[in-house]
Each structure stands twice: as structure tokens, then as C-alpha cells.
Amino acid sequence: MALVGRRSRHNQPKSGGKRQAKLAARAAEREELRVDPRPFAGFAGECDMVAMREFVPSATARLTTPGTDREIVLATVLPGAIAGLVRDDELGGEALVGLQVQVHGPDPAADLAYAVDWATRAGGGETLTATYPDDDTPALADVVDAAAPLQIEVHDDFSWWIADGVQVAPEIAQAVQNANEVMMPSARVARDGIEAAWWVDAGDKAHIRWVRPEDEDALFDAVARVHAAGGLHLGEGSRFAGSFRTHGLLVPVFDLDPEMHAQEWAPALVELDARIADALAQDGPLTSEERSSRDGLRARQVTLR
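Residue numbers (the working numbering): 829 to 1133.
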């Protein structure tokens, strides 16, 4: 029995050692595999929710939350990248939950569900620094109406962090000013049939990041077909820059002439959307040229999560 005990102690990973680090990494990988690769799948605003979480600087959308009279606002980021806050009752008692948070787990849908559930019960003036979802946390679809479209408001700055009529301390005003100074102008391209196409002015050039809802593999083949045919662009002044994948979705990115207004790209997006739809409808295998295009596109792809 003593020998067995000694072997058991010998096999335990040394605290802070390489083996312990490897075991922790494997445990994290197993946890990641348990998470739905498309955490916001089934929500009418899935693509815009992904965009707001990953790269949109300043935007809000009012959530439809059955079972509560409190108005809850979904925000890209809140002051300090906290998970949620409820304004004082005399300021309206509005509740806000953030998608871009400083502390997060492997499942952004669970994090958001925790924050929304907290916001329905929190008192005025309370804040939620971080979320800690567990088995008792409701599913996101239980606290947010998945079928309700997101009515997104894009902001030019972060002044919405401060409630109307409030005189804030100098350090708070400075925090808002600092956030405004590093924010790049952004806009959601508005056109019927075009979802989650987000324009950003990056200075010497502009970009459109287009979060697409289709199955990632099928969409990649379709994009490869369009690229091989020379149609993967938004017309004059544009260039396909590559793509990235995040939360199970593919996001094509285009470099643009910064002199053109965001909404001027809407007709070209409609035309490209039609080319992609035609390519998605094709059933045959990719040609050798299309396979070559796909291989080249994959080599330039980046995965955010």
C-alpha cells in the first residue's frame, strides 16, 4: 500500500511545472469544445451581435426581454469594459449590458445571459464587473427574444456612457474623452437584404467587414468560386483584403477608398451578395482554378476565436 501511495504522489503534476501547464491547457481545450461554435446562432441579430462583440467600437441596441418591464440595452462596451450597469432610478433606471468585456469565459452567450439575468433584478446604481455563468444561469434564449430583430444605433462617440443632465467627476469626463480619441469612425451599411456590413475609417484607408450568416465551409467554397471568376470586390476603389472567422462565422474584409461615404458602398454590396448567392446555389465540385483560389484564401484567413 505504501508503494502505491508513493507512486500516486509521484504522478501528481508539480505545482507550476510544465506538466501542470499542459494539463491546464488540455482542460481549457476540452472546455472550448463544449461550447457551441456559433454562440448566437438562432438569434435574428446573430451577425450584428458578433460584429458588436468583436470590432464595432460604439453602438447600442435595445433587447426584447420577455418577463421584465425593465428596458435593457445591449452595448458594444461599457466604461471599464464591465459586464453591466443599472442607472440610478432618478436617471431612468436604464440597464445596460456589454459585449466587449474585460473578463469573459469561453461562451459569450452564457456571459451575456448572466448579465441580462442580473440586469433584470439589479437595483439602481449597481454595476456588474464580471459574469460567472454556471448551471443555474438561464440560456440566452430564455432571457432574450431570439426572434426579435436588433434595432442598432451607431454612435459617433461614447457620450452615451453618461446619462443626460448628469454632471460627472473630471476623471469620468477624461475617461470618455480618452475613449473618443482612440475610436475610429464606423457605420453600419444600411440596405434591405444586407446584414452586418460594417464600414470603418482607418485613416489612410477604409474597410468593410461583412459578417455572413451562412455555413462557414459552404460560404468559403462560394467565395472561392466568386474570386476565381474575378468577382470578389466592391467595384472601383475596393480590394478584397482577406477574411477572418469568429464565433463560427466567416467575415470577408475589403479595403476601400476612404473618400467614399459608407452608404455609397451599398449598391456594390447588393451586387456582390447576388454573386455569392449564385455561387452558393452551385452543387458541383470546385474546378481546379476554384480550388486554387480557395487554398489561397485560406492561407490568408485569420481566426479570432
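Even for Gly, the Cβ is constructed at its ideal location relative to N, Cα and C.
Residue environment, residue i, which counts as buried when at least 16 other CB atoms sit within 10 Å
i, result
"His1089", "exposed"
"Leu906", "buried"
"Ser987", "exposed"
"Ala1107", "buried"
"Ala887", "buried"
"Met880", "buried"
"Met877", "buried"
"Gln992", "First, the residue type needs correcting, since residue 992 is Asp and not Gln in the sequence shown. Under this definition Asp992 is an exposed residue."
"Leu1077", "buried"
"Gly1112", "exposed"
"Ser1066", "buried"
"Leu828", "Residue 828 is absent from the model: the chain starts at 829 and stops at 1133."
Three-way DSSP call (helix, strand, coil) for residue i in this model
i, result
"Glu954", "coil"
"Gly912", "strand"
"Thr888", "strand"
"Thr1048", "One point to set straight first is that residue 1048 is Phe, not Thr, in the sequence displayed. Three-state DSSP puts Phe1048 in a helix."
"Leu902", "strand"
"Ala879", "helix"
"Arg1073", "strand"
"Arg1067", "strand"
"Val1039", "coil"
"Val929", "coil"
"Val863", "coil"
Residue i: first and last residue of the uninterrupted beta strand (DSSP E) it sits in
i, result
"Pro1080", "Leu1077 to Leu1084"
"Leu1125", "Run containing Leu1125: none in the beta strand (DSSP E); it sits in the alpha helix (DSSP H), Ser1116 to Ala1127."
"Val925", "Ala923 to Gly926"
Run of the alpha helix (DSSP H) containing residue i, from where it starts to where it stops
i, result
"Asp1032", "From DSSP, Asp1032 is part of no alpha helix (DSSP H); its letter is neither H nor E."
"Val944", "Pro936 to Arg949"
"Pro1095", "Ala1094 to Leu1108"
Candidates the options, of which the one nearest residue i by Cα
i, options, result
"Val929", "Phe883, Glu1087, Arg1040 and Ala1034", "Phe883"
"Ile910", "Ala1069, Thr955, Pro894 and Met1012", "Thr955"
"Pro1095", "Gly1063, Val982 and Val1081", "Gly1063"
"Ile980", "Gly953, Val1017 and Asp963", "Val1017"
"Leu927", "Asp939, Gly951 and Met1011", "Asp939"
"Val1098", "Ala969, Ala1024, Pro885 and Arg949", "Ala1024"
"Val1004", "Ala1102, Gly908 and Phe871", "Gly908"
"His1055", "Ala950, Thr904 and Arg1122", "Arg1122"
"Thr893", "Pro1080, Leu919, Arg949 and Asp864", "Arg949"
"Phe1048", "Thr904, Leu924, Leu968 and Arg1119", "Arg1119"
Cβ-heavy atom distance, residue i to the ligand FMN, below 6 Å
i, result
"Asp1043", "As for the ligand FMN, it is missing from this structure, which has no ligand bound."
Item to check | Minimum length 4: unbroken alpha helix (DSSP H) runs contained in the stretch 970-1035 | outcome: 998-1010
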